[in-house]
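Peer 1: Numbering (the working numbering), first residue to last: 2 to 132.
C-beta: ideal position from N, C-alpha, C; glycine also.
#1: Do residue 126 and residue 98 count as a contact pair if the criterion is CB distance below 9 Å?
#2: Across which residues does DSSP place residue 65 in a beta bridge pair?
#3: Have a look at 34, 57 and 76 and flag the residue whose alpha-carbon is nearest the alpha-carbon of residue 63.
#4: Leaving aside the five residues before and after residue 51 along the sequence, list all residues of the same chain whose C-beta is less than 7 Å from its C-beta, in chain order.
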């Protein structure tokens, strides 16, 4: 009886894991950014299927980088990161920084003779000398 219960518990666990895995695959298509465009006074964000996922005002905002699941905006003296739904993830001062671009799950900024790499939460993850 214990063996049958254990087998059923394992089967249920595997079934739930497979279901979660399938949900993660479908959710990933919905969270991947394929493009960010400024049209007139609006910023439009598109998902992996080319469907408009969200929009926000472009007033005083400049899109400076697009990564796989976030994009980077400079507004005044601040750098902001936003997700596919235009929800602000994080911010940091742009003082003496120039955003070079974004790719994968990070973005890079130049500060004097240094290149700093940040994650989507504006946490510094690497530094190297500019060449």
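Peer 2: In short:
#1: no
#2: In DSSP, residue 65 forms no bridge with anything.
#3: Cα-wise, what sits closest to residue 63 is 76.
#4: 35
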